[in-house]
Every structure is written in structure tokens, then in C-alpha cells.
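To start, the structure itself, in C-alpha cells.
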Amino acid sequence: MKKSVFLIVAFVVLLGALVSSPVFAFTDLNDAEREAILQLKDRGIVSGITSSEFAPREKISVAQGVTLIVKGLNLKLDQTGSNKKPIATDFFNTISKNAWYSDSFVIARMNGLEFSRDVNPNADLSRQQYAELLKKAIDIKGLHLSDPAFFGNLNNEAMTRGEAALWLHKTIQFAESQQSKEKRGHYATVNRLNMYYEIHGTGGHPVVLLHGAFMSIDSAFGTLIPKLSESRQVIAIEMQGHGRTADIDRPLSTEQMADDVAELLHQIGIKDVDIIGHSLGGAVGLQMAGRHADLVRKLVVASSAFKSDGMYDEVNGMMDFITPEIFAGTPIEEEYKKLAPRPEDFPKLVEKIKAMGSVKLDWTALLKSIKVPVLTVIGDSDNVRPAHALDMFKLLGGGVAGDLTGLPNAQLAVLPGTTHVSLLGKTDLLVAIITPFLDISSPKGE
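For the sequence shown, the positions run -25 to -1, 1 to 421 when mature numbering (1 follows the signal peptide of the UniProt record, and there is no 0) is used.
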């Protein structure tokens, strides 16, 4: 039973994203650090110890950490009603007004970050201290970090320059995405639903994002949207009972969800879209391509099955153990409470997802009928069996000798070292795979 509970929670909790990029400037950064640190450098938030060295493994001092937070989160000195600019010696016995970090401590202090008068600015800053300062700074900006694992492992070990930069970059992304929500979020009345959706970016071909079970726009696509919206319009949708879209008195089904998405697109005047769906969202995407083919140009199906036996037996067996209580205190339950119009509906959502998952599935005929180009994506350690993904690829037209017959409309990608849960965290790898698929013309003259 304990093993089953662990598997269930792992199945539905989306892990934090990793970032990597082939851009080079500092020669001592690894792939997981490079893109985030170079972005901070470009924004004037961090600098190296030389033009080619960042020294990511060096410890960071309290003064350096405070300065990073003040600059990165753009904390300002509010002098409203004051005739005198505060200086460091007004608050601290240990910081000279001429110290390079004095203004940062003053700004931090005036914004509610508290320090002892005898703070040692040159002391090593621990992981726990840095996380607490970042969380407090986020609270100051009127935001709230509900995920207790946002920063990973917290302890009293000294923070390094590389880790501090990565945590700050992640916090900035969170803050900026939350601050823009009001401008990008919309509701529409769709088949009795008050359906929530967001529009990000302009230009390019519109792409619709469809989340998995128990997910929201934020938890499923928080790191993917900024990348995709750089070159195309992104419409991210929260389906029945998920995120900010309240549940209504009807069962959950992929067919109905596809009809909801289609009706929303009709209402907002968008057609001929590309669709990216993960897990449940991928299944809804397949239904869209079958039921509303006139709306779909291309489809990316990630970690989805078209038959019940497409997933491993132990994954299918988890449905018997899923209860609302299993989610108590998890990020999934916490996010639902934060976003849902009626947080008390969570137990009903769990039961509806269980009921939907218990239906025997065989969409072989549906896949054979789909004419639009489809990219099938799974992790090599996904809940979906690799052989099943290959079957999907073949039913959609793949599995031919392309040098002899020409490339088919169907494509297949298997991400190494990737699970069902971690797939959406491989942001840069996904973008590198998905973007060319969406951008190229269909091999068969679509």
C-alpha cells in the first residue's frame, strides 16, 4: 500500500523544470546553470568574477545574497512622506554607509526584510536563510509561494553563487508570471462552464495548451509558455474542474472536453490551431483532431495512451487506491484550494477522474481517421509503454522508410532519462523538438 501511495503521488505531482541552453559566455557553468545565469547577466543582475568566469561553486555572503534579491526582484526605496534618505547606520551597527552593499541592506530593510542590527554582511549565507529571504521578498510583492518544495532541499549548508543565481532566476520567473495573470486571464461561458483561459504572446501560428489530470496552466506549462510565446500566440486552457474553471454537474470525458475546447475557440475567433496536450490533455487533443478536424492544423501528444493497456499494469492499478485523502497537504491540493472557485469540490474531482480512468479505452479507429500531422512524445521511463507510443506513431502514418517513401506526417520523440511527471520539466528539449515540427510544412503538402 505504501508503494502504491508513493506511485500515485509521483504520478500527479509535476516536478520543477530544469533549464539548459547551448549559449556560452562564462566557461565554468554547467548545462543546468548556463541559460538562467546568462539571462540574469543580460539583465544586469549578476556578473562574473572575470569576463569568462562566474565561479558558481564559490560560497555567497549575506551581503551578496541581499544585493541579488534587491536587484533581481526590483525592490525600491519608498521615501513617501520622508525628508531624509535613510542610510545603513540608521539600522545597522556593522554596515558602513560607504560599503558597496549598504544601499541594498537599506532597501531590503525598508521593504520589510528584517536583519539584526549586528548582522555580519560577510558571513556565509545558508540555503535556509536565502530561501526565507526570497519568500519574504515575494510576499512583499503581494505574491505567495504555495509550493513548499519550490527551492528543493533546505538546510544550513552555505549557498553557492550558482545555486543562488538559479533560485533567483526561478523566483523572478514565478513573480513575473503571476504579476501578468490579470492581463492575460479571461473567462468565457462554454457549454455551461465558466471556462478560464489565458492568451500569451502575439504573432506566429496560434498554439493551444491542454494540461493533464489534476493540473492547471501554471503547474503544467509555467516554464513552457514563456518559451513558446516568444514566437507565437499561446492559448492555455483550464478544462472542466481544473484550475480556475469550476466543475459542473456532468461527468468528465475527453470527448466533452474536446467539445468544450472547440466551442471556446469558436467564441474567441481562433481556428486552424496547433495543439500541445500532456497526458489527459493529449487525449483531449486526439479527440479534437477526430471530432473537430477543421480547427486543428497540427497536434503534439505527450505521454498519452490511446488504449487502456497502453500504460503499465502498475499504473492502471493505481486508480483503485486514489482517494482525496492521499492528496492532503500536497502541492496539488494546495494549488486547487488556491485557484478553484469552489475549493470544496476537490473530492468530487478526484472521484470523476477515477471514473473517467476506469473506462476501457480503444481509439484505434480514431487514430486511423486522423489526417493532421501528429508528433508523439514520451519519456523513456513514462507511464506509457514505449511500444504503445510506437503503435500510436504507426497508426498515425509513421513507421516507413522515409528515404524511399518520403517523410510521413507523423513524428515520434522519446526523451531519455524522462518520466511521465518530469517530461514537462524538460523545457528546452521540448521546445527544440516541438518548434521545428510546428514550423515546417507538412511533408505531404498539408
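C-beta atoms are modelled at their ideal positions from N, C-alpha and C, and glycine is treated no differently.
Can you tell me where the beta strand (DSSP E) with VAL276 in it begins and where it stops? 271 to 277
How many Å lie between ALA11 and PHE29 at the Cα? Their backbone Cα atoms lie some 12 Å apart in a straight line.
Can we say the segment 330 to 349 touches the segment 304 to 320, given the rule of at least three CB pairs closer than 8 Å? no
My output table needs one value for THR394: the three-state DSSP class, helix, strand or coil. strand
Quick one, are the C-beta atoms of TYR105 and TRP142 less than 8 Å apart? yes
Can you tell me whether DSSP reads GLN231 as helix, strand or coil? helix
Ends of the beta strand (DSSP E) at ASP249? 248 to 253
Option nearest SER26 by Cα separation, candidates ARG32, THR2, VAL37, ILE35: THR2
In the DSSP assignment, the beta strand (DSSP E) including SER344 goes from what residue to what residue? Here SER344 belongs to no beta strand (DSSP E); instead the alpha helix (DSSP H) covers 339 to 344.
Assuming TRP278 contacts HIS253 under a Cβ cut-off of 8 Å, what Cβ separation, rounded to an integer in Å, is found between them? Reading off the sequence shown, one finds Ser at residue 278, where the question assumed Trp. Sure, about 6 Å apart at Cβ, within 8 Å.
Looking only at C-alpha atoms, which of SER397, LYS46, ASP366 sits nearest to ALA38? LYS46
Going straight from the alpha carbon of SER36 to that of GLU132, what length do you get? 12 Å
With 16 as the cutoff for other CB atoms within 10 Å, does ASP366 come out buried or exposed? buried
Can you grab the Cα-Cα spacing for the pair THR402 / VAL275, in whole Å? 14 Å
State whether the segment 385 to 404 contacts the segment 293 to 306, with contact taken as three or more CB pairs (one from each stretch) at a distance under 8 Å. no
Whole angstroms is fine: what's the gap from GLY372's alpha carbon to PRO383's? Cα to Cα, GLY372 sits roughly 6 Å from PRO383.
Pull up the CB-CB distance for THR199 and VAL182, whole angstroms please, since I reckon it's below 8 Å. Per the sequence shown, residue 199 should be read as Leu rather than Thr. LEU199 to VAL182, Cβ: 10 Å. No contact.
Out of LYS34, GLY187, ARG159, GLN208, which has the shortest C-alpha to C-alpha gap to HIS180? GLN208
Please name the residue or residues paired with TYR162 in a DSSP beta bridge. TYR171
Considering only the alpha carbon of each residue, which of GLU326, VAL334, SER71 lies closest to ASP224? GLU326
Taking 8 Å as the threshold (C-beta atoms), are SER191 and LEU314 in contact? yes
Sort out for me which residues DSSP pairs ILE210 with in a bridge. ILE174, VAL183
So who's on the other strand from GLN104, going by DSSP bridges? Bridge partners of GLN104: none, in fact.
Rounded C-alpha distance that separates GLY377 from ASP284: 29 Å
With a CB to CB cut of under 8 Å and the five nearest residues on each side skipped, what residues in its chain are close to ARG266? GLU230, ALA233, ASP234, ALA237
Span of the alpha helix (DSSP H) holding VAL406? 402 to 414
Mapping DSSP to helix, strand and coil, what is ILE245? If DSSP states are grouped into helix, strand and coil, ILE245 belongs with coil.
Take the Cβ of GLN54 as the centre, count every other Cβ of all protein chains shown within 10 Å, and call the residue buried at 16 or more, exposed below. Residue confidence is low: GLN54 scores 46 on pLDDT, short of 50, so the model does not pin down where it sits. Its coordinate-derived value is still stated next. By the 10 Å Cβ count, GLN54 comes out exposed.
With which residues is VAL359 paired in a DSSP beta bridge? MET286
Since LEU350 sits in a beta bridge, which residues does DSSP pair it with? VAL275, GLN386
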